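Asker: Mapping of the sequence shown onto full-length UniProt numbering: residues 1 to 330, in sequence order.
All C-beta atoms in this analysis are idealised placements derived from N, C-alpha and C, irrespective of residue type, glycine included.
A quick note: this is a predicted structure, and the numbers were derived from the prediction, not measured.
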Amino acid sequence: MANVKNGSFRESIIDRCLQSRRGYSTQEIFDRCNDALERRGEMPISALNTIRNDILSIENRWHIVVEQIRSGREIRYRYEDPHFSIFNTPLNEEEIAQLSQSVSMLRRFEGMPGFEWVEEMSAHLQETVCARPEPVIGFDENKELKGMSFFTPLFKAISEKKAVKIKYHTYRNNKVIEGVVHPYYLKEYNQRWFLFALNDEYKDLSIYALDRIEAVGKSSAKFIPNTDIDFSHYFDNVIGVSVKSDESPQIVKIWVDREQLPYTLSKPLHKSQTVIEENEDGSAIIAIEVIPNFELEQLLLSFGERFEILSPPSLRDRISARIKKNLEKY
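(1) Within this structure, are the beta carbons of Val-290 and Val-256 separated by less than 8 Å?
(2) Is the beta carbon of Val-180 less than 8 Å from the beta carbon of Asp-200?
(3) Measure the alpha-carbon distance for Ala-131 versus Ser-102 and round it to whole angstroms.
(4) So, do the region 254 to 274 and the region 184 to 202 have three or more beta carbon pairs nearer to each other than 8 Å?
(5) In terms of residue numbering, what span does the alpha helix (DSSP H) encompassing Lys-156 cover?
(6) Going by CA-CA distance only, name the one from Ser-20, Ile-158, Cys-33 and Arg-52 that's closest to Ile-13.
(7) Are there 16 or more other CB atoms within 10 angstroms of the CB of Asn-237, so buried, or fewer, so exposed?
(8) Check whether the Cβ atoms of Lys-167 and Glu-178 lie closer than 8 Å to each other.
(9) Just the Cα atoms here: how many angstroms apart are Asp-211 and Ser-242?
(10) Using 8 Å as the cut-off, can you tell me whether the region 271 to 278 makes contact with the region 209 to 228, which would need three or more C-beta pairs spanning the two stretches below that distance?
(11) My output table needs one value for Thr-26: the three-state DSSP class, helix, strand or coil.
(12) Going by DSSP in three states, Leu-186 sits in which element: helix, strand or coil?
(13) Taking Glu-297 as the reference, which of Arg-172, Gly-240, Lys-267 and Val-164 has the closest Cα?
(14) Spell out the partners DSSP gives Val-65 in its beta bridges.
(15) Are Ile-319 and Leu-299 closer than 8 Å when you measure CB to CB?
(16) Would you tell me roughly how many angstroms separate the C-alpha atoms of Ile-229 and Ala-209, rounded to the nearest one?
(17) For residue 341, is the classification buried or exposed, using 16 other Cβ atoms within 10 angstroms of its Cβ as the cut-off for buried?
(18) Determine the burial state of Asp-54: buried for a count of at least 16 other Cβ atoms within 10 Å of its Cβ, exposed for fewer.
(19) With DSSP run on the structure shown, which of helix, strand or coil describes Phe-223?
(20) Quick one: what does DSSP say Ala-47 is sitting in, helix, strand or coil?
(21) Do the region 75 to 88 and the region 9 to 25 meet, that is, are 3 or more Cβ pairs less than 8 Å apart?
(22) Can you check which of these residues, Tyr-234, Ser-85 and Val-164, is closest to Phe-223 by C-alpha distance?
(23) By how many angstroms is the C-alpha of Thr-227 removed from the C-alpha of Ser-314?
(24) What first and last residue would you give for the alpha helix (DSSP H) that runs through Arg-318?
(25) What residues match up with Val-275 in a beta bridge as DSSP calls it?
(26) Looking at C-alpha atoms only, which residue of Glu-67, Ser-57 and Arg-39 is the closest neighbour of Tyr-24?
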């Protein structure tokens, strides 16, 4: 099949010709297409049949009528509907459904500074092609989260590979520290956003929760690029965002009671989760291979009496100590 590569461009030229009430002959459309193709530096078409096939394709794909008007010895072509264009046709149901899904996903970014265009675009799409007043998808989000005003400048700094100055409130000693960082990555976990950046003073990778950042400014420091960490796999062996690079993953064995088991199987704690023992009472022992960290402890504690940590002993002892300390408050 000839000239498939520039077929869509030809169709745009043919579409404009067919909108004319005077109509255009095959030769006239042929000449217009080749003039436009040559201006683009592309190969011209060589046969009038290419134009005839394009017109037939437009008729079949858009289910419209292209009139053939005889003018002397010539036949001129034009749309039966003078207002028709292949570029303003309504979308089909499948296309509308796909756009609706895209709009729902985009709306996650509404309210973020610098992403106002998302709200404007999604509103326009809903109004024009996928109007549906009732929401059908809901995301777990915290719209009152502090620090989101810094998302866009940090995102831009990462994209443009620029160092920035930040003011950061450390809760541990209740101090505000200032420094230059080289931002590499933004990650969301448990409805919070975290910046992963190289600390310019200590030259190590640090984590900064956006809700603790108090200011972000420009820095004249030369950006130090990330050459060591592949963030697409950096979190493979942990739950959450705390990665202890000097530790290796451990097998964590957990007893899960009968009522909780179906939920834990349908929503694994980690991609490494396996069932290693099934009990007659409907409970089971599962295992995950991760580096123990604070987020893991928080997750395990959230299941209360439904879980019992069997190993490793160090993790079991920490969980036990935290439960006992909590019980002292009751």
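Answerer: Let me lay it out:
(1) no
(2) yes
(3) A caution first: Ala-131 carries a pLDDT of 49, below 50, which makes its placement in the model too unreliable to give a value.
(4) no
(5) 151 to 160
(6) Cys-33
(7) buried
(8) yes
(9) 16 Å
(10) no
(11) helix
(12) strand
(13) Gly-240
(14) None; Val-65 has no bridge partner.
(15) no
(16) 19 Å
(17) A query on residue 341 cannot be resolved here, the shown segment of the chain reaching from 1 to 330 and no further.
(18) buried
(19) coil
(20) coil
(21) yes
(22) Val-164
(23) 34 Å
(24) 313 to 327
(25) Ile-286
(26) Glu-67
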